[in-house]
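Protein chains in written order, with my numbering: chain A, 1 to 178; chain B, 1001 to 1599. Don't be surprised by glycine CBs; every beta carbon is placed ideally from N, CA and C. To keep things clear, I will list the structure first and then write my remarks on it.
What follows is the structure, encoded as structure tokens:
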């Protein structure tokens, strides 16, 4: 098996840890992300994941931000973000009141001998093969963060060339707006 | 071609087009800069402080081609312009505009913006910028001032559409002056300002994330909870901050204090919102506040904070601050709730609206024992200074207070003289005290006094600076001289950066480092170089006579150079980060531990 050097070594795969997930509705304008990031960095919060996309109304964007830092300061930071002129609202969501999903692409080295076992794992996680070569395979898996972590653990029996995770997106349960 | 006027704009007009010159909405071509200047005028902006430069030429040109009521003041450095706008706002409650060019011009506004942001001061800064197609390509005098200033403004804009200029200017004014006020910045690329304008002069806002009208909806439940705490308090104290002043709640505050027979202390920025010569006033609290105000904090059983953000200069060590007292916190900014001190009752909203509701629920009480106790502290720990052994800054300030009967508008710089001015110049009303609190910006005071004097030409305006701070913005002597502004420019010269020297003496075994201002100019000769007269004071016995002379001169600025003792210390003092209980009221006999707090 040839050696692959990768910057994506599996050191600390823990997306489901003790962080917090914020959903922020913002004006779809340049600089908004910078304003929000400055609030977090100034207060020593680290951004673990970040998903931004245009809202249904193109005037707005939706951000889902996973952050970790001193929980004592969290309420105040949410208010500091909320008072930015370009922020419509900023809510924290817990796993109790919301659904959280992410997607991962996993690229593994996989010969034809190993392929059927890899496909079984993919099927078990409800994933899909989105690229296949005689020596490699790219698998796509959706789910909550622990499921994605588990999939990475299972695929670790192969040589993982790289992984790309989208980061979490969150939506409030029931009729509540996010 | 001939020139004609559209809403006061002189514009080149093609003879073939309609000659309708008075019609505001006529189709004659104006540019973005003219629309911008016209909008500022419509908004009631009275002064524009600024400094020209390449990328701002179209906007400066519009100052000539659009007829407005606005007055332009050419400064000598952009920092001066921002502090002047700041001083104007602190003396009136209204914003002024600042107009500067791109790159270094815009960059020089950053300290002034930060100063205004920290102290919730409204102002509108407009910067020229390189043309849009050169943005991000390191064009001459290009700076990403939008990115640079995000942390020091309430909001900012990089304009990409000429037709949006009036909307953005109106939004800027609205955001700057409502809710918790603050500075705003509009970055205008040159092709945008000189591009043809065909938009709406009075468009609707596009601010879905900003609704300051909710500041006036006060939570009834919180008001009830606050009234209950007030009813059961035996030793209440009111802490009046600048939020109370901005809301113009002076009368409501007075009613609250007098109805409850409740002593009032104020923050540095809240000075004057409750008259400091009132029997219930405890003066300023905090690191260099009065001993009686700080003792009141320690011993009270209820603290009513009206519009102060519990700055670290006030609370010392948060865990020990007012730990036996219930705390009511009124603040317009929801993000202030629990930031420093966790209140028992939080009322988010406008201070005037909140106090009006609270005042409806309180009844007259007396607290004779409590006030007697505090009056005892006033007698035991009065603010004092020596009149022997050389001239003290305190004496100059004290006599200025007496001679002006507390009616002057006073600006200060930052340091020892600032604290002494806060202690000895008692403010009797709001908007008369201009001092950089949160940012602690040296060089602020003198330009701020220029802004205040322009706003109030008839009032006595005194700029009190140390020799350090004054030299940071002294070039504005030219601005004051040209406009014949009768500012009393007091330079309290101890040849030291006194506050740092005080710390070095008390906490660093008297190792002075980087504080000796050897090489100070002769400030009287310096003033003379600008055609400004001066008086010189060295002996304590001369203070009254010389100050009277200076106060009587109103044909322009006059400089008062007071040569003061080199080493003097400000007391009372609570070392940074220490509990209020650790206050020292006089020079300590033993060496003190280094403070754990910031500065």
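Interface residues of chain A around residue i at Cβ under 8 Å?
{"i": "residue 1334/B", "result": "79, 82 and 83"}
Ordered along the chain, which non-local residues of its own chain (more than five positions away) have a Cβ less than 6 Å from that of residue i?
{"i": "residue 1527/B", "result": "1534 and 1559"}
{"i": "residue 1310/B", "result": "1340 and 1341"}
{"i": "residue 1575/B", "result": "1595"}
{"i": "residue 1167/B", "result": "1203"}
{"i": "residue 1025/B", "result": "With a pLDDT of 46 at residue 1025/B, under the threshold of 50, the modelled position of that residue is not reliable, and the figure given next carries that caveat. Once the five neighbours on either side are set aside, residue 1025/B has no close Cβ partner at all."}
{"i": "residue 1306/B", "result": "1240, 1244, 1330 and 1351"}
{"i": "residue 66/A", "result": "19, 21, 48, 49 and 168"}
{"i": "residue 1336/B", "result": "1309"}
{"i": "residue 121/A", "result": "154"}
{"i": "residue 1233/B", "result": "1301 and 1302"}
{"i": "residue 1008/B", "result": "With a pLDDT of 46 at residue 1008/B, under the threshold of 50, the modelled position of that residue is not reliable, and the figure given next carries that caveat. Around residue 1008/B: 1066 and 1067."}
{"i": "residue 1185/B", "result": "1125, 1149, 1153 and 1156"}
{"i": "residue 1463/B", "result": "1411, 1445, 1446, 1449, 1487 and 1489"}
At a CB-CB cut-off below 7 Å, which residues of chain A make contact with residue i?
{"i": "residue 1451/B", "result": "The premise fails here: residue 1451/B is roughly 26 Å from chain A at the closest Cβ pair, so nothing lies under 7 Å."}
{"i": "residue 1483/B", "result": "Simply none; closest approach about 35 Å."}
{"i": "residue 1155/B", "result": "85"}
Could you list which residues in chain B have their beta carbon closer than 7 Å to that of residue i, in chain order?
{"i": "residue 63/A", "result": "Per Cβ cutoff of 7 Å: no residues; residue 63/A is ~13 Å from chain B at best."}
{"i": "residue 28/A", "result": "Near residue 28/A there are no residues of chain B at all, since even the closest Cβ is about 11 Å away, more than 7 Å."}
Using only the alpha-carbon positions, how far apart do residue i and residue j sit?
{"i": "residue 1228/B", "j": "residue 1346/B", "result": "13 Å"}
{"i": "residue 1023/B", "j": "residue 1429/B", "result": "Confidence at residue 1023/B is low in this model, with a pLDDT of 43, below 50, so the placement of that residue should be treated as unreliable; the coordinate-derived value is given next. So the alpha carbons of these two residues sit roughly 45 Å apart."}
{"i": "residue 1096/B", "j": "residue 1365/B", "result": "43 Å"}
{"i": "residue 1224/B", "j": "residue 1434/B", "result": "35 Å"}
{"i": "residue 152/A", "j": "residue 106/A", "result": "8 Å"}
{"i": "residue 1117/B", "j": "residue 130/A", "result": "52 Å"}
{"i": "residue 1327/B", "j": "residue 1302/B", "result": "6 Å"}
{"i": "residue 1513/B", "j": "residue 1119/B", "result": "30 Å"}
{"i": "residue 1520/B", "j": "residue 1494/B", "result": "10 Å"}
{"i": "residue 1129/B", "j": "residue 1188/B", "result": "5 Å"}
{"i": "residue 59/A", "j": "residue 1402/B", "result": "59 Å"}
{"i": "residue 26/A", "j": "residue 85/A", "result": "9 Å"}
{"i": "residue 147/A", "j": "residue 135/A", "result": "26 Å"}
{"i": "residue 1597/B", "j": "residue 102/A", "result": "43 Å"}
{"i": "residue 1452/B", "j": "residue 1548/B", "result": "21 Å"}
Please return the same chain residues whose Cβ sits closer than 7 Å to the Cβ of residue i, not counting the five positions on each side in sequence.
{"i": "residue 1222/B", "result": "1345, 1346 and 1347"}
{"i": "residue 1252/B", "result": "1352, 1355, 1356 and 1359"}
{"i": "residue 1441/B", "result": "1111, 1115 and 1414"}
{"i": "residue 978/B", "result": "This structure does not reach residue 978/B, given that chain B is present from 1001 up to 1599, and the question cannot be answered."}
{"i": "residue 1291/B", "result": "1377, 1381, 1572, 1583 and 1585"}
{"i": "residue 1538/B", "result": "1391 and 1563"}
{"i": "residue 1383/B", "result": "1290, 1423 and 1424"}
{"i": "residue 46/A", "result": "67, 68 and 69"}
{"i": "residue 1469/B", "result": "1413, 1414, 1415, 1442, 1443 and 1445"}
Residue i touches chain B at which residues, Cβ-Cβ below 8 Å?
{"i": "residue 34/A", "result": "1147 and 1150"}
{"i": "residue 19/A", "result": "Those do not exist, as residue 19/A stays about 21 Å from chain B at its closest Cβ, beyond 8 Å."}
Anything in chain A within Cβ reach of residue i, meaning under 9 Å, just list it in chain order.
{"i": "residue 1175/B", "result": "85"}
List the residues of chain B whose Cβ lies closer than 9 Å to the Cβ of residue i, in chain order.
{"i": "residue 44/A", "result": "Per Cβ cutoff of 9 Å: no residues; residue 44/A is ~15 Å from chain B at best."}
{"i": "residue 54/A", "result": "The premise fails here: residue 54/A is roughly 15 Å from chain B at the closest Cβ pair, so nothing lies under 9 Å."}
{"i": "residue 88/A", "result": "1208 and 1209"}
{"i": "residue 38/A", "result": "1150 and 1151"}
{"i": "residue 69/A", "result": "Per Cβ cutoff of 9 Å: no residues; residue 69/A is ~15 Å from chain B at best."}
Got a sec? Which residues, its chain only, sit under 8 Å from residue i by beta carbon, not counting five neighbours each side?
{"i": "residue 1248/B", "result": "1093, 1352 and 1430"}
{"i": "residue 1476/B", "result": "1075, 1076, 1077, 1080, 1084, 1446, 1447 and 1450"}
{"i": "residue 1205/B", "result": "1167, 1170, 1171 and 1174"}
Is residue i close to chain E, meaning its C-beta is less than 7 Å from at least one C-beta of that chain?
{"i": "residue 76/A", "result": "Absent from the structure: chain E. Protein chains present are A and B."}
Complete alpha helix (DSSP H) runs within the stretch 1300–1387 of chain B (minimum length 4 residues, chain order) = 1312–1315, 1351–1359 and 1368–1380
Residues in the stretch 1180–1213 of chain B having any Cβ partner in chain A nearer than 7 Å = 1207, 1208, 1209 and 1210
Sequence ranges, beta strand (DSSP E) only - wholly within the stretch 1506–1590 of chain B, length at least 3 = Within the stretch 1506–1590 of chain B, the complete beta strand (DSSP E) runs of at least 3 residues fall at 1534–1537 and 1558–1563.
message = Under 7 Å, CB to CB, which of the residues in the stretch 1139–1152 of chain B have a partner in chain A?
response = Per Cβ criterion, the list reads 1146, 1147, 1150 and 1151.
Contact set between the stretch 1335–1346 of chain B and chain A, restricted to residues whose Cβ is under 8 Å from the partner = Residues of the stretch 1335–1346 of chain B with a Cβ closer than 8 Å to any Cβ of chain A, in chain order: 1335, 1337, 1338 and 1339.
query = At a Cβ cut of 8 Å, what residues of the stretch 1407–1425 of chain B count as close to chain A, listed as they run along the chain?
reply = For the stretch 1407–1425 of chain B, which is checked against every Cβ of chain A, not one residue is closer than 8 Å.
message = What ranges does the beta strand (DSSP E) occupy inside the stretch 1055–1106 of chain B, keeping only unbroken runs of at least 3 residues that lie completely in it?
response = You should have 1071–1074 and 1097–1100.
task = Quick one: which unbroken beta strand (DSSP E) runs of 3-plus residues sit fully inside the stretch 1236–1295 of chain B? Chain order, please.
result = The beta strand (DSSP E) runs lying completely inside the stretch 1236–1295 of chain B and spanning 3 residues or more are 1236–1240, 1264–1266 and 1281–1284, given in chain order.
message = At a CB distance below 7 Å, what residues from the stretch 144–177 of chain A approach chain B? Give them in sequence order.
response = none
request  = Write down every uninterrupted run of the alpha helix (DSSP H) in the stretch 43–89 of chain A whose length is 4 residues or greater and which is fully enclosed by it, in chain order.
outcome  = Contiguous alpha helix (DSSP H) elements confined to the stretch 43–89 of chain A occur at 74–82, taking only those with 4 or more residues.
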